[in-house]
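Report on the structure given below.
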Amino acid sequence: MTRYVQPVPAPDDPYTGDGLLRSWLERRLGPAGHAAAKARLADLAADVVGPLRAAHADAEAHPPTLVRYDPWGARVDRIDTSAGWQAQRAAAARHAVVALPYLDSARGTWGAAARVVQHALLHLYGPESATFSCPVAMADGAAALLSLPEVDAGVRDAWLPRLTSTDPGTAIVSGQWMTESQGGSDLSRSGTTARPAGDGSWRLTGEKWFCSAADATMAVALARPEGAGAGSRVLAPFLVPRYAADSPLADADADADADAAPYAPAPGVTVHRLKDKLGTRALPTAEVGLREAYALPLGDPAVPGLVRAMTLVVVTRVHNAAAAAGGMRRGLAYARAYADARTVAGGRLVDNPLHRATLGALAVDAAAAFALAGHAFALLGRVEVGADPDAAAELRVVAPLAKLATGRLAVSSASEYVEAFGGAGYVEDTGVPRLLRDAQVLPIWEGTTNVLALDVLRAVTREDAGAPLLRRLSAAVDLARPMSPALADTLAAATADLTAALADAAADPRAVDVVAGARGLALRAAAALTAALLVEHAAWGDEQAEVAARLWARCRLRHEDIAADAHQHLDLLC
């Protein structure tokens with residue numbers, strides 16, 4: 087008897103096979119702008135389905151290791167990573183995944199919409215980058231922070247070009263050292279201290295508990311300046327060189343060693359251990375100790391700096407949303423390709439009505455996540471290019487909403503993708519279980535659901551960030567009316583409900599029922615916003631967005647079963 091082997095075809099090209107991505111770019115960039123981006127996107131997609139998919143597999147199969155000592159007993163704290171991880175690093179630089187929105191050429195071509203093109207690059211690159219998308223996000227956040235006018239020009243000129251280089255030989259990425267074991271998300275308990283050294287540099291001492299991209303050339307660390315008071319607002323961001331080659335504290339012998347071994351640690355920086363994580367296993371995450379480590383202030387440490395650090399956080403939050411949406415779309419593509427090839431009960435799995443309905447519902451969620459992430463990037467671009475105050479006000483609430491909602495969608499979708507492969511989805515060497523393991527970090531990194539829900543509550547009650555959200559919803563009701571009166575009525579009811587809830591929250595933001603209900607409020611706001619964004623794209627003329635808007639509104643706003651329609655529209659949605 088011949089042994090049966092199930093063929094598993096690769097999914098379609100991630101750029102040409104994604105109709106929603108292409109129509110989104112056509113609308114946001116215009117035909118000429120999209121045409122200007124096509125070659126760049128096609129080149130990246132070709133790399134993704136070829137060498138980067140292989141690099142992804144290599145990095146996952148060979149996770150990082152920490153070498154604490156050299157053969158003669160000297161402490162080296164070297165993190166060794168695989169050839170696949172290094173290939174992902176080079177590709178991120180070569181394809182300008184970080185650099186694009188900072189390039190004069192890109193801003194000249196697309197203006198504020200350079201961030202829209204960057205989101206498309208991330209959508210293609212991230213899902214099979216072995217989570218190199220994480221250091222990409224932190225490098226982008228560090229670049230945004232260094233771009234602030236209050237940052238010393240000398241510091242900016244020394245480091246920003248390296249973060250935004252498109253030459254793999256010179257490009258660097260950044261870590262982000264904020265979390266401490268005693269505080270976690272409660273930054274007010276941060277114990278890392280900073281003292282001035284008298285020459286413009288500072289010295290940092292403390293313990294950082296969760297430092298991803300621990301092999302990065304630099305990190306942005308939060309510390310409490312000497313003499314500053316308690317609380318989180320006074321914390322200031324500092325740039326910490328990771329390696330001796332960039333630290334003036336390294337002595338001549340260390341500099342010579344650094345020339346031979348460029349990853350010799352900077353004085354005062356100790357890697358205690360690598361984290362053994364549920365997922366993101368190719369990504370080196372460490373516990374790091376600082377003892378009088380050399381650091382450069384990013385802005386005046388005498389001025390409360392948490393608001394400056396939030397520049398970085400907003401960028402990494404929207405990257406988190408992009409990672410969630412991109413992973414959902416790629417997981418869907420793999421599940422659909424498998425269903426096309428798999429035969430059950432005498433027919434193809436994709437022709438089974440129940441499985442079609444399941445995939446169709448997942449496709450609606452993937453479209454919703456893409457619209458949320460894409461909108462956040464569009465707003466970010468308008469803030470950075472043109473300093474649009476309306477975009478800034480809306481981004482204040484959209485960034486946490488997009489991160490919160492897409493993170494949760496990514497986990498639920500990943501669970502379904504694993505199940506869609508049956509037993510093969512539970513076997514590590516198929517690569518499918520990684521979809522679920524890696525998705526689980528998305529609701530945690532840069533704020534859990536509850537942390538972000540409270541951030542949304544602060545934004546809508548203290549900063550009136552709910553006003554632009556409600557205006558967008560109201561406008562979407564009018565756009566929806568010609569395409570579907572039922573959709574318009576559903577969106578109008580959600581808008582009225584949200585308006586009342588925001589008014590109640592503003593009346594007493596600290597009331598127990600308001601704080602306890604912050605998660606529900608944020609999720610309802612995100613669901614309504616998502617419906618509005620899909621309606622906007624549908625009104626432009628995208629049929630897939632119209633179907634997704636109707637099904638999303640029925641499922642998430644009216645809590646109806648959409649199985650029959652999801653089955654019917656699968657081929658349009660996916």
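Every position in the sequence shown, counted from 1, becomes a number in this note's numbering once 86 is added. For every residue, glycine included, the Cβ atom is placed at its ideal position computed from N, Cα and C. The model shown is predicted, which means the values in this text are computed figures rather than measured ones.
Simplified DSSP assignment, three categories, for residue i
i	result
F324	strand
D345	Legend: pLDDT at D345 = 43, less than 50; position of this residue unreliable, value from coordinates given subsequently. Looking at D345 - three-state DSSP - the assignment turns out to be helix.
V183	coil
H358	strand
K294	strand
R161	strand
A309	strand
A381	strand
D583	helix
D166	strand
G103	coil
G261	strand
T151	strand
R281	strand
L376	strand
M304	strand
T88	coil
G317	coil
A368	coil
W531	coil
R596	coil
R428	coil
Cβ-Cβ distance between residue i and residue j below 8 Å
i	j	result
A307	T279	no
A327	A299	It is Pro, not Ala, that sits at residue 327 in the sequence shown. No. Outside cutoff.
L208	G412	yes
A604	L559	no
Q630	G105	yes
L231	L398	yes
G365	Q526	yes
A479	A462	no
L528	A409	yes
P150	D166	yes
A578	V563	yes
A198	G170	no
R644	T576	yes
R179	P235	Note that residue 179 is Ala in the sequence shown, not Arg. It is not a contact, given that the beta carbons lie outside the stated cut-off.
L624	A635	Correcting the residue identity first, residue 624 is Ala in this sequence and not Leu. Yes. Within cutoff.
L127	A206	yes
P100	A423	no
W531	N406	yes
G552	V471	no
Rounded separation between residue i and residue j - CA only
i	j	result
L189	A223	17 Å
E632	V621	6 Å
S499	R416	11 Å
L445	V518	16 Å
A496	R642	15 Å
H148	L130	24 Å
G508	L490	29 Å
E146	L521	12 Å
H120	A395	33 Å
D386	V320	11 Å
A330	H358	17 Å
M360	C297	Inspection of the sequence shows that residue 360 is occupied by Leu rather than by Met. C-alpha separation (whole angstroms): 9 Å.
D647	A639	11 Å
A457	G313	45 Å
A344	G277	Its pLDDT being 44, under 50, A344 is placed unreliably by the model, and nothing is read from it.
S219	A582	38 Å
R428	G103	20 Å
P554	D594	21 Å
Integer Cβ distance of residue i from residue j, believed to fall under 8 Å
i	j	result
R403	A453	No, R403 and A453 are not in contact; Cβ-Cβ is about 21 Å, not under 8 Å.
L392	S318	5 Å
K294	V241	Actually they are not in contact, since the Cβ atoms of K294 and V241 sit about 21 Å apart, beyond 8 Å.
D133	A177	6 Å
V184	A229	7 Å
L335	M304	Contact doesn't hold; Cβ gap of about 15 Å is too wide.
C-beta neighbour in chain C for residue i, strict 8 Å
i	result
V504	Given the protein chain composition of this structure (a single chain), no chain C is represented.
Any contact of the stretch 380-390 with the stretch 284-292, i.e. 3+ C-beta pairs under 8 Å? yes
Segment contact, 8 Å Cβ cut-off, at least three pairs: the stretch 537-556 with the stretch 455-472: no
Decide if the stretch 441-449 is in contact with the stretch 651-660; the criterion is three or more beta carbon pairs, one per stretch, under 8 Å apart. yes
Meets three-Cβ-pair contact criterion under 8 Å: the stretch 253-272 and the stretch 417-426: no
Should the stretch 217-231 be regarded as contacting the stretch 247-262, the criterion being three or more beta carbon pairs within less than 8 Å? yes
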